[in-house]
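Protein chains: 2
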Amino acid sequence: MIKTASNEKSVAVLDAATSVFLTHGFSAATTDMIQREAGVSKKTLYGCYPSKEAMFVAVIERQCASMASTIRAIQPAAGDIAKTLGDIGRAYLDIVLSERGVALFRVVVAEAPRFPDAGRRFYLTGPKVVTAMVAERLSEASLVGDIDIRAIGVEAAASIFVSLVRTEGQLECLLHPDARPSAEQIDRWVRLAVDTFIGRFESAKAP
Amino acid sequence: MIKTASNEKSVAVLDAATSVFLTHGFSAATTDMIQREAGVSKKTLYGCYPSKEAMFVAVIERQCASMASTIRAIQPAAGDIAKTLGDIGRAYLDIVLSERGVALFRVVVAEAPRFPDAGRRFYLTGPKVVTAMVAERLSEASLVGDIDIRAIGVEAAASIFVSLVRTEGQLECLLHPDARPSAEQIDRWVRLAVDTFIGRFESAKAP
DNA sequence: GTCTATATGAAGATAGAC
DNA sequence: GTCTATCTTCATATAGAC
């Protein structure tokens, strides 16, 4: 009853396309590489997707969706806001700095002029999702009085925290593709971000 | 006495290569585009550079050098540390978010796996230079007692400020290639970064 | 699944212009 | 003679036919 025939094949094609595009980028990738890696014929390949462009779009969409659901699955342990931010930050940075995460960012950024939808999609399903998540926790902490972010608002504060967590590590991974950061290094980045953020916005409460 | 003949031609070639590579990236760019845009023959083109790769490297090197000297030319007005940071941040963000700056970052990040030297060079001549510049000012301000960064050190503090200034705007420009930020938007980002940084590290001085 | 038509790129060679 | 324009070669790409 299935029309597009053999679902397994189309999964193999999408997996292969993902691997090839994330490794070589759009222009340097060839449909032959994808075909060979998927172990299918050209007919099958072009039966799944009408063009190289369509394959690329499908790859980006799936990666973004996967990233979004991974982010949404983050379950910060209960505790004070510093601990919560640390949990979220650590989980997010692990995703961003993973080989997959770095490669995806590279390709999306490189091809954003040609595939603007890919850029938008990435923004909405990545940074935006985690920022919303942080904003929610900041909102709670603000109500309880643990932090005071009235000066700039919840959204801006969340954005600042996410930026603090991501930036330095991501920049180094993007520009030094040979060196991968250690777990300790990632921890240091997260702690520095949390300390900076909390140091700025903690409430001045007299005991 | 000049061996490579006609300096003007080689400048035209490098200019053309810059325009083509920054617009299309490495793989999608063709030597024919460069040749046509420079108005020279293939022989001239390959007389200047032995290969497409060499042209790319030359383009990146020159852009990085240009960026570095632009950054080094920043002259922050005298005043308190908040004003100084605002001046540096504003000038740096103007460079980073310029069409050239965004395009260069895009290409360097995309090609860093294939041209790791380009990534290293960019890091050293861009973020590193401005961070050193900020560190110097922070050091002075710290000695005078305007700020207290003893908890994390000058380098880390400078890195945090530079990250705060750059991140959000750069992310949006990279992922939304159609929308260019207004001068007011850039000002808002800079002010937010300065306020956050100062709010965190200002000295608690009793009057 | 193999095989091929068409097209385009990189690089070099040949021959013409000043 | 130095520089330029055009043509050729070789490789590889997409797309589709068998």
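Sequences listed follow chains R and U, in order. So the first sequence is residues 24 to 230, counted in the working numbering. So the second sequence is residues 24 to 230, counted in the working numbering. From the three backbone atoms N, C-alpha and C, an ideal C-beta is built for every residue, glycine too.
Three or more Cβ pairs closer than 8 Å define a contact, and the stretch 123 to 132 of chain U meets that threshold against the stretch 73 to 91 of chain U. Bridge pairing for E84(R): absent [DSSP]. Going by DSSP, G112(U) is part of the alpha helix (DSSP H) stretching over 104 to 120.
For the set G176(R), R214(R), L197(R), the Cα lying nearest the Cα of F224(R) is the one of G176(R). I57(U) is a Cβ neighbour of V43(U), given a cutoff of 9 Å. Looking from the CA of F145(U), the closest CA among P200(R), R214(R), A180(R), R137(R) belongs to P200(R). The Cβ of S89(R) sits no closer than 9 Å to any Cβ of chain U. I209(U) sits in a helix when the DSSP states are folded into three classes.
With a threshold of 16 other beta carbon atoms within 10 Å, Q193(U) meets it and is buried.
Here V125(R) is buried. Its C-beta has 16 or more other C-beta atoms within 10 Å. In the three-state scheme derived from DSSP, where H, G and I count as helix and E and B as strand, I170(R) is classed as strand. With contacts defined by Cβ atoms closer than 9 Å, L161(U) and A181(U) form a contacting pair. Proximity of R173(R) to chain U, defined by a Cβ-Cβ separation below 9 Å, is not satisfied.
Inter-segment contact for the stretch 147 to 158 of chain R and the stretch 211 to 220 of chain R is absent: fewer than three beta-carbon pairs are separated by less than 8 Å. Around the beta carbon of R95(R), fewer than 16 other beta carbons lie within 10 angstroms, which makes this residue exposed. With a threshold of 16 other beta carbon atoms within 10 Å, D110(R) meets it and is buried. Around C71(U), the same chain offers S33, V36 as residues with beta carbons nearer than 6 Å, after the five sequence neighbours per side are excluded. For the pair L108(U) and A100(U), the Cα-to-Cα distance works out to about 10 Å. With a contact defined as Cβ atoms closer than 8 Å, V213(U) and G112(U) qualify at about 5 Å.
Secondary structure note for F138(U): it is in no alpha helix (DSSP H), with a DSSP letter that is neither H nor E. With a threshold of 16 other beta carbon atoms within 10 Å, A141(R) meets it and is buried. Only those residues of the stretch 194 to 205 of chain R whose C-beta falls short of 9 Å from the nearest C-beta of chain U are listed: L194, E195, L197, L198, H199, P200, D201. Between F49(U) and K75(U), the gap from beta carbon to beta carbon is short of 9 Å. By the Cβ-count criterion, V167(U) is exposed, with fewer than 16 other Cβ atoms from all chains shown falling within 10 Å of its own Cβ.
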